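Residue numbers (this note's numbering), protein chains in the order written: chain Z, 263 to 666; chain C, 418 to 507.
(1) To the nearest angstrom, how far is the alpha carbon of residue 661(Z) from that of residue 644(Z)?
(2) Using 10 angstroms around the beta-carbon of residue 495(C), count the other beta-carbons present and answer buried if the total reaches 16, otherwise exposed.
(3) Leaving out the 5 sequence neighbours to the left and right, which residues in its chain are closer than 8 Å to residue 331(Z) when beta-carbon positions are compared?
(4) If you draw a straight line from the alpha carbon of residue 418(C) to that of residue 483(C), how long is it in whole angstroms?
(5) Spell out whether any CB of chain C is found under 8 Å from the CB atom of residue 516(Z).
(6) What residues from chain C crowd round residue 540(Z), counting only those whose CB sits closer than 7 Å?
(7) Counting Cβ pairs closer than 8 Å, one from the region 511-530 of chain Z and one from the region 391-404 of chain Z, do we hit at least three?
(8) Strictly under 8 Å for the Cβ-Cβ distance: is residue 546(Z) near chain C by that measure?
(9) Assuming contact is defined by CB atoms lying nearer than 8 Å, are residue 432(Z) and residue 346(Z) in contact in what I supplied?
(10) Evaluate the contact criterion for the region 357-365 of chain Z versus the region 306-325 of chain Z: three or more CB pairs, one atom per stretch, below 8 Å.
(11) Once you ignore the five residues that flank residue 462(C) on each side, which residues in its own chain have a CB closer than 6 Å to its CB?
(12) Quick check on residue 459(C): does DSSP put it in helix, strand or coil?
(13) Hey, would you say residue 550(Z) sits closer than 8 Å to residue 438(C), going by beta carbons?
(14) How big is the Cα-Cα spacing for residue 428(Z) and residue 485(Z)?
(15) Where does residue 541(Z) sit, in a helix, a strand or coil, going by DSSP?
(16) Counting only the same chain and skipping the five closest in sequence on each side, list residues whose C-beta sits under 6 Å from that of residue 209(Z).
(17) Is residue 502(C) helix, strand or coil by DSSP?
(18) In whole angstroms, give me the CA-to-CA distance for residue 602(Z) and residue 657(Z).
(19) Three or more beta-carbon pairs under 8 Å between the region 442-452 of chain Z and the region 469-489 of chain Z, yes or no?
(20) Which whole-angstrom value describes the C-beta separation of residue 371(Z) and residue 333(Z), a residue pair presumed to lie in contact below a C-beta threshold of 8 Å?
(21) Would you mind sorting residue 435(Z) into buried or exposed? The rule is 16 or more other CB atoms within 10 Å of its CB.
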């Protein structure tokens, strides 16, 4: 409806108003790609910015209610995709886009938010291995933070029920997605810490999209897990989903079922170990006793060996040995001597002059001078000689001699 | 099992005693004493296991803001308190 300048004289407001109506009719919702510049956040909470490209720019506004729910930080220079309505801000005679949704071009808003929070918390040291608490080997009470409905809680109860029937489980039901879910999860963790009766917590939910799992990527949950004095096992979604909660937790389970397997041992295994230990106790004591007994025997044996009485006996025995073996030798020697003696005596016997006399020979000796006469020349007539016979002797005087 | 500490400590002690005895460096006197202590620790652990009871409860805040537990409904379904609506679970 173009008014001819000659016919009508419009006020500025009227013109602006017409422009506005015209613009708003022509453009419904638009989707826009552009670069953020001139970002301003005055105290009102509304966010003002300019979206531009190489050839033009347009003003944009994000009202406070929408701005507060943004999942990522806006920055000058960021390329974004915006959806919004085109309006005219009459007081200034400018048009603008009222943003209803805005997301980074390229990386998804959620992914970007995830990366930013992850880097921020990593820098603060929330993910350090040293910051992680060890899980208790045998928790007396397991706290579970998850939705009251859904697969996660059922899986946890089933797996624990099978492995460790007499378990004490305390459940704190929470919303695990949607507005306020993160705050509920965080509060549940804080409440378990305040109550103090749980020895370990399982915090998680079943599988879902990034949006569904988003509560476990929120800073409030990360801080609650980090601050928890009770060790926390995170069990969010499936293996491929890693959330901030998983990174901060003291232990990450890939699924709620795995958390249930980590948290408690098998009751039967526990009983088995206990029995084993009891057996080893008895066996090792028996071995100790046997060892001591053997030692005792050895000592008794060696002592007896060194006892004086025994020593004496051994000496005596030696002596016996020696004497018995010595006597034999002497006896043997005597015997052979005797033999020799007898033999010699026999020979002597045969050689004895007395034996010759027996055969009739006599021994002539000079009376007075003595000496045996062998040569006739030795004697002179008139010499007295004695003749020793086998029996008795004769005394004679030499009449004549006949030397040879 | 409220006495999980006594179980863990008992188990630790039992394991330590078994190790000591198996190393064989104790005197007979010491060995006998340790054995007795080991039997006691084992008994302690056995008793804890025997006393363990299945319990599934909810942690709730009372109207006064106190935290307390209450048993789960007999059919196994959680009795959600008035504040928390059952979660939209993916």
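Idealized CB from N, CA, C, for every residue including glycine. Here the structure is a predicted model, which is why all the values come from computation and not from measurement.
Per the coordinate set shown:
(1) As a position in the first chain, residue 661(Z) is number 399, starting the count at 1. As a position in the first chain, residue 644(Z) is number 382, starting the count at 1. Roughly 6 Å separates the two Cα atoms.
(2) Position 78 of the second chain holds residue 495(C). Summary for residue 495(C): the model assigns pLDDT 45, below 50, so the residue's position carries little reliability, and this model does not support an answer.
(3) The residue given as residue 331(Z) occupies position 69 in the first chain. There are no such residues.
(4) Translated into the one-based positions of the second chain, residue 418(C) becomes position 1. Translated into the one-based positions of the second chain, residue 483(C) becomes position 66. Model confidence at residue 418(C) stands at a pLDDT of 41, short of 50, so the residue's coordinates are unreliable; what they give is reported in the following sentence. Going by the C-alpha atoms only, they are around 23 Å apart.
(5) One-based indexing of the first chain puts residue 516(Z) at position 254. Closer than 8 Å: no.
(6) By 1-based counting over the first chain, the position of residue 540(Z) is 278. In chain order: 459.
(7) With a cut-off of 8 Å, the region 391-404 of chain Z and the region 511-530 of chain Z count as touching, because enough Cβ pairs lie within range.
(8) Residue 546(Z) sits at position 284 when you count from the first residue of the first chain. At least one chain C Cβ lies under 8 Å of residue 546(Z).
(9) For the purposes of this step, residue 432(Z) is taken as the residue at position 170 of the first chain. For the purposes of this step, residue 346(Z) is taken as the residue at position 84 of the first chain. No; because the gap between Cβ atoms is not below 8 Å, this pair is not in contact.
(10) yes
(11) Numbered from 1 along the second chain, position 45 holds the residue referred to as residue 462(C). Here the set comprises 424, 427 and 428.
(12) Along the second chain, read from residue 1 onward, the residue named residue 459(C) stands at position 42. Reduced to three states, the DSSP call for residue 459(C) is helix.
(13) Here residue 550(Z) corresponds to residue number 288 of the first chain, with the count starting at 1. Here residue 438(C) corresponds to residue number 21 of the second chain, with the count starting at 1. Result yes, Cβ atoms of residue 550(Z) and residue 438(C) sit closer than 8 Å.
(14) As a working note, residue 428(Z) is residue 166 in the first chain. As a working note, residue 485(Z) is residue 223 in the first chain. Spanning the two alpha carbons is a distance of roughly 32 Å.
(15) Locating residue 541(Z) in the first chain gives position 279, where the first residue counts as 1. It is helical.
(16) This structure leaves residue 209(Z) out entirely; chain Z is present only between 263 and 666.
(17) To locate residue 502(C), count along the second chain from 1; it is residue 85. Legend: pLDDT at residue 502(C) = 42, less than 50; position of this residue unreliable, value from coordinates given subsequently. Residue 502(C): coil per DSSP, three-state reduction.
(18) Position 340 of the first chain, counted from the start, is the residue given in the question as residue 602(Z). Position 395 of the first chain, counted from the start, is the residue given in the question as residue 657(Z). Approximately 40 Å between the Cα atoms of the pair.
(19) yes
(20) Locating residue 371(Z) in the first chain gives position 109, where the first residue counts as 1. Locating residue 333(Z) in the first chain gives position 71, where the first residue counts as 1. That belief holds up - the Cβ atoms of residue 371(Z) and residue 333(Z) are roughly 5 Å apart, short of 8 Å.
(21) In the first chain, the residue the question calls residue 435(Z) occupies position 173. Buried, by the Cβ-count rule.
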